[in-house]
Amino acid sequence: MSEIISGKIISAQINRELRTEVDQLKTKGIEPCLAVVLVGEDPASEVYVRNKKRTCEEIGIRSIGHNLPDTTTQEELETLVQNLNSDPVIHGILCQFPLPGDLDETQVIQTFSPEKDVDGLHPMNAGLIAMGQPRFISCTPYGVLQMLKRSGISTSGKNAVVLGRSNLVGRPIATLLSSKGWDSTVTVCHSRTADLAEVTSKADILIAAIGIPEFVTKNMVKKGAVVIDVGINRIDDPSKTKGSRLVGDVAFEEVEAKASFITTVPGGVGPMTIAMLMVNTVNASRWQNGLTEMNL
Ligand SMILES: NC(=O)c1ccc[n+]([C@@H]2O[C@H](COP(=O)([O-])OP(=O)(O)OC[C@H]3O[C@@H](n4cnc5c(N)ncnc54)[C@H](OP(=O)(O)O)[C@@H]3O)[C@@H](O)[C@H]2O)c1
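Using our numbering, the letters of the sequence shown correspond one by one to residues 11 to 306.
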């Protein structure tokens with residue numbers, strides 16, 4: 011049986027540290043503030059935004075919501091972002107994706123001031139990660155790293171295999187794990203990878219971020235591997251009141267028996283992603299006031 015790495019417990023611990031940090035910042039006259047932009051009425055996005063605002067409140071971060079109708083044009087959205095960029099009260103800007111209709115996410119991301127890009131999506135922040143000088147690390151990859159670190163898992167010299175190469179998750183995780191300080195030897199897999207199970211079964215650390223329910227089975231995992239499941243997939247389950255439930259990209263029950271450490275879905279990487287958004291917002295407020303980043 012493996013040990014569970016609980017994102018719920020680790021994120022609660024980080025949020026407690028943030029609360030203390032925010033209290034101290036307030037004594038210096040600094041109130042960390044996050045602008046939260048939601049376009050349209052996608053129910054899943056509304057839930058994510060609600061959770062993020064609630065966590066801000068728990069920590070003492072001010073959040074200012076901007077709820078826009080799904081008729082919003084690209085120009086209107088970018089004008090709002092530009093206004094937030096120049097508003098000195100706002101330290102971080104979050105725009106909840108996916109955007110409805112024809113709105114262009116890449117274009118919106120490029121409108122963010124890199125200094126307020128707390129989701130770490132702007133090309134400048136992605137480039138800094140690639141150069142080994144990260145400023146804002148995108149929240150899910152940052153959450154994965156903190157889970158490893160705070161569970162005492164050494165990454166140095168280990169074979170890490172990352173399943174997925176998206177700009178949001180797979181690629182930054184792979185880049186960070188191979189960077190100085192983390193020092194893993196990293197293989198990135200994607201939909202064209204040949205002999206996938208052969209590659210994944212050599213991993214000391216296996217990170218699944220592909221978006222296919224329970225794709226990673228026990229034959230793909232080395233005995234004693236550390237398995238981090240980033241995937242969030244909803245599947246039908248008539249036994250549940252909702253008629254469905256959330257599962258990850260890993261077939262948890264069979265892989266748990268083989269792994270040394272494993273995360274769950276839900277309760278794994280998900281809560282860590284929100285906690286790291288809070289960390290980035292607090293750091294944004296520190297940097298914008300001439301202070302150094304928090305020591306996590
Ligand atoms: N926990 C959280 O907070 C959080 C945050 C973000 C995302 N997620 C979840 O993480 C998962 C991945 O998200 P994403 O945004 O990275 O997804 P994405 O943009 O769709 O990328 C999926 C990646 O998986 C690869 N892939 C697809 N099928 C594959 C296969 N059969 N074998 C190997 N690789 C395959 C794709 O390869 P190609 O590049 O070749 O197409 C792509 O690189 C989703 O379930 C998402 O909901 C969770």
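Note that CB positions come from ideal geometry on N, CA and C, so glycine has one too. If you're wondering where the values come from, they're calculated on a predicted model, not measured in any experiment.
Closer than 6 Å to some heavy atom of ligand 1: that describes the Cβ of Ala-219.
Of Gly-50, Val-57, Leu-186, Ser-176, the smallest CA-CA separation from Lys-159 is found for Leu-186. When only Cα atoms are considered, Glu-125 and Leu-206 end up about 39 Å apart. Excluding residues up to 5 positions away in sequence, Ser-21, Ile-24, Asn-25, Gly-153 lie with their Cβ nearer than 7 Å to the Cβ of Ala-285 in the same chain.
In this structure, Leu-78 sits near Val-49, with a CB-CB distance shorter than 7 Å.
The straight-line gap separating the alpha-carbon atoms of Thr-283 and Val-231 is approximately 25 Å. Selection Gly-278, Lys-233, Ile-245 evaluated against Glu-264 yields Lys-233 as nearest (Cα-Cα).
When rounded, the separation of the alpha-carbon atoms in Gln-84 and Ile-242 is 29 Å.
Remark: C-beta atoms of Ile-19 and Thr-273 do not approach each other more closely than 7 Å. Annotation for Arg-175 indicates a beta carbon within 6 Å of some heavy atom of ligand 1. Short of 6 Å from the beta carbon of Pro-182, and not among the five residues preceding or following it, lie these beta carbons of its own chain, in chain order: Ile-139, Ser-148, Pro-151.
Within the stretch 205-233, the complete beta strand (DSSP E) segments at least 3 residues long are 215-218, listed from N- to C-terminus. A check of alpha carbon separations from Ala-219 across Glu-68, Met-157, Ala-184 identifies Ala-184 as the nearest. In this structure, the straight-line span from the alpha carbon of Phe-271 to that of Gly-162 is close to 11 Å. Burial check for Met-11: the Cβ neighbour count within 10 Å stays below 16, so the residue is exposed. Looking at the DSSP output, Arg-29 sits in no beta bridge, so it has no partner there.
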